[in-house]
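J.: As they're listed, the protein sequences go chains A and B. With numbering that gives the first Met the number 0 applied, the first sequence covers 0 to 326. With numbering that gives the first Met the number 0 applied, the second sequence covers 0 to 232. Can you read through this structure? Questions will come right after.
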Amino acid sequence: MKRWLIALLVLLLGRRRQRPLVDEDGRIVPPGGPDRRAENLVLLLFGAATVCGFAFPVIYAWDAIPNQTQFLGLALGLALAFVSAACIVIAKRLVVSEELEEEYSTTHPDDEEALEQLVDESGSRFTRKRLLVLAGAGAGTALGAALLTPAASLGPVFDVSSLYRTPWRRGIRLVDELGNAFHADDIEEATFYTAYPEHADREQMGAPLVVVRLEPAALQLPDDRRGWAPEGILAYSKICTHAGCAIALYRKPTFPAVEPEPALVCPCHYSTFNVATGGQVIFGPAGRPLPQLPLEIAGGGELRAAGNFSGPVGPSWWGVRNHGARP
Amino acid sequence: MQAGVRWLVVLVAALAFVPSAAGSGADLYGANCIECHGPQGSGISDRGPSLRSVGARAADFYLSTGYMPLGDPHDQPHRSRVEFTKGELAQLVAYVASFGGGPRIPRPHPASGSLSKGQELFTEHCAGCHQVAAQGGYVTNAVAPRLDRATAVQIAEAARVGPYLMPQFSEKQISDDQLNSIIRYVQYAKHPDDRGGWSLGHVGPVPEGLVTWFIAIVLLIVTCAVIGERIRS
């Protein structure tokens, strides 16, 4: 430890350099002639970067455009490429450069002024400094806007009520992807089904369900969910509570004592939910149980919802635990 | 006419001398299966499930893939070398089927299926675990096997049986016609048409992204070398 500290101290002190050599005009950096063509090129490149940068939020907002993702990538990529091209031109053709070697020395730690002078004089070839700075700032702003735009996709900021609204309420029938109603007899053990609410928008986060059947004796639902799984038929939201992927894996019950427990598994990050205990997380990054939908069997044997989910559907957000699912 | 009768007599005589299929199957069962599945497929709790009414379909799947016999009943069965001859396998399957009822070995016709429909169905029902190019994947506590060595009959059996913790798909969920399309797609996925060139083992975006990074790093170093200057000393 002590040796490391000494090494660090030597390194810091050793960085102080001798004051650079000064010529007869008091300059450190030799003067260079102006280069209007290079300046124009830099202005053009910054302008192009600005246009591309601002194109990003425009494309982002314009949903009707085909291949939107590719155009977004193109806008951002070109903006970055133009800015870097401008920097390369500035470095190679506009900044006065010279090569010099100097030895590291520990004497005279007062070269801050010299550094200022060095930076100042290096820019001596610029003839339209303010315009160039403005163009650079414009490109920087456009690029910043382009980088911040995708944050709008993170979801609503103030009015989060749409996040816990679901189309399910008592009496809504469960239908398959073709719109045919599910009957209790259709649901077999050892497999899983995807169900949707009848006459509702299936794109809504709260719409899709996973339906499975267990032996009624194997259920270990919490006491306040008694009667939620008639004949052992259970319905859960199909949207994982971690990152919102569709739950597409069902670990069916296998031979007792040899098996892993029956579970629903999300293929994205392997969050695993116990179907028998009401969707509790038994493995993986999900922070909340999978919301369960209470079911009832109507007169004709049709499956219907008996209410709304046990909790908010979909990935978690700030304050998610303070809300319940709402019709 | 007389020749026909004589042949019949010869045939009956021959059958009488060949040990009955179930009989020799019983010997094989006794040597390989009875320890876990019990006599007459009755099952032994904590060791092996009952085989009554599983039928030839499940028996053929588990035996022809080498899933069974399994050394430790707590292991996940996986594809391994089949230790039985074809004839022994058929006798053992017939013996298990004789425990009672159960479905027969299916006869799929993948040629009558549609490749594009098969891909759609495979993506919907199977790709969650087996990955869209049928290269296999993971479920917590188990491995979803790759399907590169699965035969048409084995795929048809597996979809209906649901080996280990795989869900089983009834004819209501996947019809026989749809199953033919799925089998056709799985057969295609063994040797797919790689339009993009190097397939990287069809394991998806992670290795593809890594390769892209390696290319990008080389390009960045080249760019640095082009725009930078070497300090001469």
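For every residue, glycine included, the Cβ atom is placed at its ideal position computed from N, Cα and C.
Does the beta carbon of phenylalanine 272 (chain A) come closer than 8 Å to any beta carbon on chain B?
T.: In the first sequence, residue 272 (chain A) corresponds to position 273, counting from 1. Phenylalanine 272 (chain A) does not count as touching chain B.
J.: Within the chosen definition, does the segment 66-76 of chain B reach the segment 117-134 of chain B through at least 3 CB pairs nearer than 8 Å?
T.: As far as the Cβ criterion goes, the segment 66-76 of chain B does not touch the segment 117-134 of chain B, which means the pair count is below three.
J.: If the cut is a Cβ gap below 8 Å, which residues of chain B does tyrosine 249 (chain A) touch?
T.: For the purposes of this step, residue 249 (chain A) is taken as the residue at position 250 of the first sequence. Near tyrosine 249 (chain A) (Cβ distances below 8 Å), the residues of chain B are Pro166.
J.: Check this for me: beta carbons of serine 63 (chain B) and leucine 91 (chain B), under 8 Å apart or not?
T.: Here residue 63 (chain B) corresponds to residue number 64 of the second sequence, with the count starting at 1. Here residue 91 (chain B) corresponds to residue number 92 of the second sequence, with the count starting at 1. The answer is no: Cβ separation not under 8 Å.
J.: Could you work out which residue in B:Tyr187, B:Thr122 and B:Arg194 is closest to arginine 148 (chain B) when comparing CA atoms only?
T.: Here residue 148 (chain B) refers to the residue found at position 149 of the second sequence. That would be B:Tyr187, whose Cα lies nearest to the Cα of arginine 148 (chain B).
J.: So which residues on chain B does tyrosine 269 (chain A) lean against when the C-beta distance must stay under 9 Å?
T.: Numbered from its first residue, the first sequence carries residue 269 (chain A) at position 270. Chain B residues near tyrosine 269 (chain A): Tyr137, Val138 and Thr139.
J.: Considering alanine 74 (chain A), what are the terminal residues of the alpha helix (DSSP H) in which it resides?
T.: By one-based count along the first sequence, residue 74 (chain A) stands at place 75. Start and end: 67-88.
J.: Whole angstroms is fine: what's the gap from glutamate 202 (chain A)'s alpha carbon to arginine 164 (chain A)'s?
T.: Start at 1 with the first residue of the first sequence, and residue 202 (chain A) comes out as number 203. Start at 1 with the first residue of the first sequence, and residue 164 (chain A) comes out as number 165. Distance between the alpha carbons of glutamate 202 (chain A) and arginine 164 (chain A) is about 13 Å.
J.: DSSP state of tyrosine 163 (chain B), grouped into three classes?
T.: If you number the second sequence from 1, residue 163 (chain B) lands on position 164. Here tyrosine 163 (chain B) sits in coil by DSSP.
J.: Which term fits glycine 135 (chain A), buried or exposed, when burial requires 16 or more other beta carbons within 10 angstroms of its beta carbon?
T.: Stepping through the first sequence from its first residue, residue 135 (chain A) is reached at position 136. Glycine 135 (chain A) comes out buried.
J.: Restricting to Cα atoms, I'd like to know which of B:Arg194, B:Gly161 and B:Leu209 is closest to alanine 57 (chain B).
T.: The sequence position of residue 57 (chain B) within the second sequence is 58, counting from 1. Answer by Cα proximity: B:Gly161.
J.: What ranges does the alpha helix (DSSP H) occupy inside the segment 170-222 of chain B, keeping only unbroken runs of at least 4 residues that lie completely in it?
T.: Within the segment 170-222 of chain B, the complete alpha helix (DSSP H) runs of at least 4 residues are 175-189.
J.: Any idea if phenylalanine 16 (chain B) is buried or exposed, counting beta-carbon neighbours within 10 angstroms, 16 or more meaning buried?
T.: If you number the second sequence from 1, residue 16 (chain B) lands on position 17. With a pLDDT of only 46 at phenylalanine 16 (chain B), under 50, the local geometry of the prediction cannot be trusted, and the value read off the model is given with reservation. Exposed is the call here.
J.: Just reading off the alpha helix (DSSP H) that arginine 36 (chain A) is part of, what are its end residues?
T.: One-based indexing of the first sequence puts residue 36 (chain A) at position 37. Start and end: 35-60.
J.: Is there contact between the segment 260-277 of chain A and the segment 214-226 of chain A, where contact requires at least three CB pairs shorter than 8 Å?
T.: They touch, by the three-pair rule.
J.: Measuring CB atoms only, is the segment 50-60 of chain A touching the segment 69-81 of chain A, in the sense that at least three cross pairs come out at less than 8 Å?
T.: Yes, the segment 50-60 of chain A is in contact with the segment 69-81 of chain A.
J.: In terms of residues, what are the limits of the alpha helix (DSSP H) holding glutamate 123 (chain B)?
T.: Locating residue 123 (chain B) in the second sequence gives position 124, counting from the first residue. Start and end: 114-124.
J.: Compare the C-beta of aspartate 184 (chain A) against all C-beta atoms of chain B and say whether one is closer than 8 Å.
T.: Taking the first sequence and counting its residues from 1, the one referred to as residue 184 (chain A) is at position 185. No, because no Cβ of chain B sits closer than 8 Å to the Cβ of aspartate 184 (chain A).
J.: Please find out if some non-hydrogen atom of the ligand MG comes closer than 7 Å to the beta-carbon of glycine 54 (chain B).
T.: As for the ligand MG, it is missing from this structure, which has no ligand bound.
J.: Do we get a CB-CB distance below 8 Å when we pair glutamine 172 (chain B) with the residues of chain A?
T.: The count along the second sequence starts at 1 and reaches residue 172 (chain B) at position 173. Yes, glutamine 172 (chain B) counts as interfacial toward chain A.
J.: Which whole-angstrom value is the C-beta distance of alanine 234 (chain A) and leucine 208 (chain A), which I expect to be below 8 Å?
T.: For this step, residue 234 (chain A) is matched to residue 235 along the first sequence. For this step, residue 208 (chain A) is matched to residue 209 along the first sequence. Yes, they are in contact, since the Cβ atoms of alanine 234 (chain A) and leucine 208 (chain A) sit about 5 Å apart, within 8 Å.
J.: Please compile the residues from chain B whose C-beta is within a distance smaller than 8 Å of the C-beta of lysine 91 (chain A).
T.: Working through the first sequence from its first residue, we reach residue 91 (chain A) at position 92. The contacting residues are Ile226.
J.: Starting from the C-beta of arginine 212 (chain A), find all residues in its chain whose C-beta is less than 6 Å away, skip the five residues before and the five after it, and write them out in chain order.
T.: As a working mapping, residue 212 (chain A) is identified with position 213 in the first sequence. The answer, listed in chain order, is Ile186, Glu188, Gly231 and Ile232.
J.: Starting from the N-terminal side, write out each stretch of the alpha helix (DSSP H) that is 4 residues or longer and does not extend beyond the segment 182-225 of chain A.
T.: Complete alpha helix (DSSP H) runs here, min 4: none at all.
J.: Leaving out five residues on either side along the sequence, give the residues of the same chain with a beta carbon under 7 Å from the beta carbon of aspartate 175 (chain B).
T.: If you number the second sequence from 1, residue 175 (chain B) lands on position 176. Taken in chain order, the list of residues that qualify is empty.
J.: From this set, A:Pro196, A:Arg168 and A:Gly170, which residue's C-alpha is nearest asparagine 179 (chain A)'s C-alpha?
T.: As a position in the first sequence, residue 179 (chain A) is number 180, starting the count at 1. Per the Cα distances, A:Pro196.
J.: Using a Cβ-Cβ cut-off of 6 Å (strictly less than) and excluding sequence neighbours within five positions of tyrosine 192 (chain A), which residues of its own chain qualify?
T.: In the first sequence, the residue the question calls residue 192 (chain A) occupies position 193. So the qualifying residues of the chain are Val210.
J.: Does glutamate 301 (chain A) get closer than 8 Å to chain B when you measure Cβ to Cβ?
T.: Numbered from its first residue, the first sequence carries residue 301 (chain A) at position 302. Closer than 8 Å: no.
J.: Counting only the same chain and skipping the five closest in sequence on each side, list residues whose C-beta sits under 6 Å from that of glycine 32 (chain A).
T.: Position 33 of the first sequence holds residue 32 (chain A). Contacts found: none.
J.: Near proline 261 (chain A), what residues of its chain come up, given a Cβ to Cβ distance below 7 Å and the 5 sequence neighbours on each side ignored?
T.: As a position in the first sequence, residue 261 (chain A) is number 262, starting the count at 1. Same-chain partners within the cutoff: Leu213, Arg250, Lys251, Pro252, Val274 and Ala275.
J.: So for asparagine 31 (chain B), helix, strand or coil by DSSP?
T.: As a first step, residue 31 (chain B) is located in the second sequence; it is residue number 32 there, counting from the start. Note: asparagine 31 (chain B) maps to helix in three-state DSSP.
J.: Any Cβ of chain A within less than 8 Å of the Cβ of serine 180 (chain B)?
T.: Counting from 1 along the second sequence, the entry for residue 180 (chain B) is found at position 181. Not an interface residue.
J.: Quick check: the Cα distance between glycine 137 (chain A) and leucine 164 (chain B), rounded to an integer number of angstroms?
T.: For the purposes of this step, residue 137 (chain A) is taken as residue 138 along the first sequence, with counting starting at 1. For the purposes of this step, residue 164 (chain B) is taken as residue 165 along the second sequence, with counting starting at 1. C-alpha separation (whole angstroms): 59 Å.
J.: Excluding the 5 residues flanking glycine 65 (chain B) on each side, which residues of the same chain have their C-beta closer than 7 Å to its C-beta?
T.: Working through the second sequence from its first residue, we reach residue 65 (chain B) at position 66. Arg78, Ser79, Arg80 and Val81, listed in sequence order.
J.: Tell me which same chain residues have a C-beta within less than 6 Å of the C-beta of threonine 271 (chain A), skipping the five on either side of it?
T.: The residue labelled residue 271 (chain A) in the question sits at position 272 within the first sequence. Ala262, Val264, Ile281, Phe282 and Gly283.
J.: Roughly how many angstroms separate the alpha carbons of threonine 139 (chain B) and asparagine 179 (chain B), rounded to a whole number?
T.: Counted from its first residue, the second sequence places residue 139 (chain B) at position 140. Counted from its first residue, the second sequence places residue 179 (chain B) at position 180. Threonine 139 (chain B) and asparagine 179 (chain B): Cα-Cα distance of roughly 29 Å.
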